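Under UniProt numbering, think of the first position of the sequence shown as 1, with each following residue one higher. What follows is a single structure, written as structure tokens, with notes after it.
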Amino acid sequence: MNSTPTLTELSAFAAILRHRSFRKAADELGLSPSTLSHMMRVLEENFGVRLLNRTTRSVAPTEIGDRLLARLLPLLRDLDGALAEVSLFRDRPSGILRINSSEIAASLLLEAVVPTFLARYPDVGLDLVTDGKLIDIVADGFDAGIRLGEAVPQDMIAVHFGGDSRFLTVASPDYLARRLAPKAPDDLKAHACIRFRFPSGKLFRWEFERFGQQMVVDVAGALTLDHVGLMAEAAVGGMGIAYVADRVAQPYIAAGKLVVVLEDWCPWMPGLCLYYPGHRHVPPGLRAFIDVLKQAG
1 MNSTPTLTEL
11 SAFAAILRHR
21 SFRKAADELG
31 LSPSTLSHMM
41 RVLEENFGVR
51 LLNRTTRSVA
61 PTEIGDRLLA
71 RLLPLLRDLD
81 GALAEVSLFR
91 DRPSGILRIN
101 SSEIAASLLL
111 EAVVPTFLAR
121 YPDVGLDLVT
131 DGKLIDIVAD
141 GFDAGIRLGE
151 AVPQDMIAVH
161 FGGDSRFLTV
171 ASPDYLARRL
181 APKAPDDLKA
191 HACIRFRFPS
201 GKLFRWEFER
211 FGQQMVVDVA
221 GALTLDHVGL
231 MAEAAVGGMG
241 IAYVADRVAQ
251 PYIAAGKLVV
261 VLEDWCPWMP
271 GLCLYYPGHR
281 HVPPGLRAFI
291 DVLKQAG
């Protein structure tokens, strides 16, 4: 090794692999992509090994780059924690707060929480990421995540907000005028269902419960989407039955554009939770966000 790498270079290396993109990492770090690329070339030259495999469309770690990242991430997190400890002595929280969320939860936060938070803590930048993936928030460098309560990992501290929620099976009046409404979940197999695909490629299974009886249905349908808002719009257009969160469906139901079917099979469940690691120091910005979240109910 010609020289010891700087903290800036190592942090940039981690940011590139967190985003899997030079451009996105450059935006986060406030650098140009060309500057960031040059920085990585210098880092690789100093190490004497290739750390990144680059193509015109993607970037990925080499085997040794992956090993370096695994050793580097805990060190960077410990450094962030140490700096956060120092910031406790400041009058106001500052820095960047990164939260991973679904689009539905983000919409709720933007309506009821974020405006108050940003007005109250102007020195904190909020990075709210809605990529639709179920991720490891610690490994991917997030301060907190948001999921339905039942899906929060057991080793995390959860803060409930927004009340209970449920998924609803909905269809347009026009669709139901042409087809006999389902009376039980098994009846869905004879219907055109609008399916949801996760970013991983896995199809979402429709789950129902009534009087303690649980049913999971792998529905069929010609239309598959990866956005719940588009699913509701497709149902409004008479393309089939959709299974979406009540917060997505309610505006269309109130307007008479969608009708709930199988309502007695759609139970209420614990709603959304903000969650974060219990074994790490809680950054001041996250503490402040949680306070605003609790006040909003």
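Backbone N, C-alpha and C define an ideal beta-carbon position, used for all residues, glycine too. Just so it is clear, the structure is predicted and the values come from calculations on it, not from any experiment.
Inset, instruction - Tell me, please, whether the stretch 265 to 275 touches the stretch 136 to 151 by the rule of three or more beta-carbon pairs shorter than 8 Å. - result: With the cut-off at 8 Å, the stretch 265 to 275 and the stretch 136 to 151 touch.
Inset, instruction - Could you have a look at LEU97 and say whether DSSP puts it in helix, strand or coil? - result: If DSSP states are grouped into helix, strand and coil, LEU97 belongs with the strands.
Legend entry - Pair within 8 Å by beta-carbon distance, ARG205 and ASP187: No. Outside cutoff.
Inset, instruction - Evaluate PHE208 with the Cβ neighbour count: other Cβ atoms within 10 Å of its Cβ, from every protein chain shown; 16 or more gives buried, anything less gives exposed. - result: Under a 10 Å Cβ-count criterion, PHE208 is classified as buried, with 16 or more other Cβ atoms of the shown protein chains found around its own Cβ.
Inset, instruction - Using a threshold of 8 Å, state whether the C-beta atoms of residue 324 and LEU262 are closer than that. - result: For residue 324 there is no data in the structure shown, the boundaries of the chain being 1 and 297.
Legend entry - Of the residues SER94, TYR243, PHE13, GLY229, the one placed nearest ILE64, counting alpha carbons only: The shortest C-alpha separation from ILE64 is found at PHE13.
Legend entry - Given 8 Å, three or more beta-carbon pairs between the stretch 189 to 196 and the stretch 229 to 247: Counting Cβ pairs under 8 Å, three or more are found: they touch.
Inset, instruction - Pick helix, strand or coil for PHE47, following the three-state DSSP scheme. - result: For PHE47, the secondary structure class from DSSP, reduced to helix, strand or coil, is helix.
Inset, instruction - Report yes if the C-beta distance between residue 341 and PHE22 is below 8 Å; otherwise report no. - result: One cannot answer for residue 341 here, as it falls past the ends of the chain, which runs 1 to 297.
Inset, instruction - Spatial neighbours of LEU51 within its chain, please: CB distance less than 8 Å, with the 5 preceding and 5 following residues excluded, ordered by chain position. - result: Cβ within range, chain order: PHE13, MET40, LEU43, GLU44, PRO61, THR62, ILE64, GLY65, LEU68.
Inset, instruction - With DSSP as the reference, label ILE194 as helix, strand or coil. - result: Three-state DSSP puts ILE194 in a strand.
Inset, instruction - Assuming SER11 and ASN46 form a contact by the criterion Cβ under 8 Å, report the distance between their Cβ atoms to the nearest whole angstrom. - result: The Cβ separation is near 15 Å, so there is no contact.
Legend entry - TYR121 (DSSP reduced to helix, strand or coil): The answer is coil: DSSP assigns TYR121 none of H, G, I, E or B.
Inset, instruction - Could you work out which residue in THR56, ARG77, ASP27 is closest to LEU7 when comparing CA atoms only? - result: Selection THR56, ARG77, ASP27 evaluated against LEU7 yields ARG77 as nearest (Cα-Cα).
Inset, instruction - Compare the beta carbon distance of VAL113 and VAL292 with 8 Å and say whether it is the shorter of the two. - result: It is a contact, given that the beta carbons lie within the stated cut-off.
Inset, instruction - Could you give the DSSP three-state label for TRP268: helix, strand or coil? - result: Reduced to three states, the DSSP call for TRP268 is coil.
Legend entry - Contacting residues, own chain, Cβ-Cβ under 6 Å from ASP123 (five flanking each side not counted): Taken in chain order, the residues that qualify are ARG92, SER94.
Legend entry - First and last residue of the uninterrupted beta strand (DSSP E) at PHE289: Annotation: PHE289 is outside any beta strand (DSSP E); the continuous alpha helix (DSSP H) that includes it extends over 284 to 296.
Legend entry - DSSP state of VAL152 mapped onto helix, strand, coil: It is coil, neither helix nor strand.
Inset, instruction - Identify every residue that forms a DSSP beta bridge with VAL248. - result: Bridge partners of VAL248 according to DSSP: none are assigned.
Legend entry - When TYR175, LEU203, PRO74, GLY221 are compared against LYS189, the one with the closest alpha-carbon: Residue GLY221 is the option with its Cα nearest to LYS189.
Legend entry - Reduced DSSP secondary structure (H/G/I, E/B, other) of PRO74: Under the three-state reduction of DSSP, PRO74 is assigned to helix.
Inset, instruction - Pick helix, strand or coil for MET215, following the three-state DSSP scheme. - result: In the structure shown, MET215 adopts extended strand secondary structure according to DSSP, grouped into three states.
Inset, instruction - State buried or exposed for SER101, treating a residue as buried only when at least 16 other CB atoms are found within 10 Å of its CB. - result: SER101 is buried by the Cβ-count criterion.
Inset, instruction - Specify, as a first and last residue, the run of the alpha helix (DSSP H) that THR8 falls within. - result: Element bounds for THR8: 7 to 19.
Inset, instruction - Go to ALA60, then tell me how far its beta strand (DSSP E) extends in each direction, as first and last residue. - result: 59 to 61 is the extent of the beta strand (DSSP E) around ALA60.
Legend entry - Where THR169 falls: helix, strand or coil (DSSP): Three-state DSSP puts THR169 in a strand.
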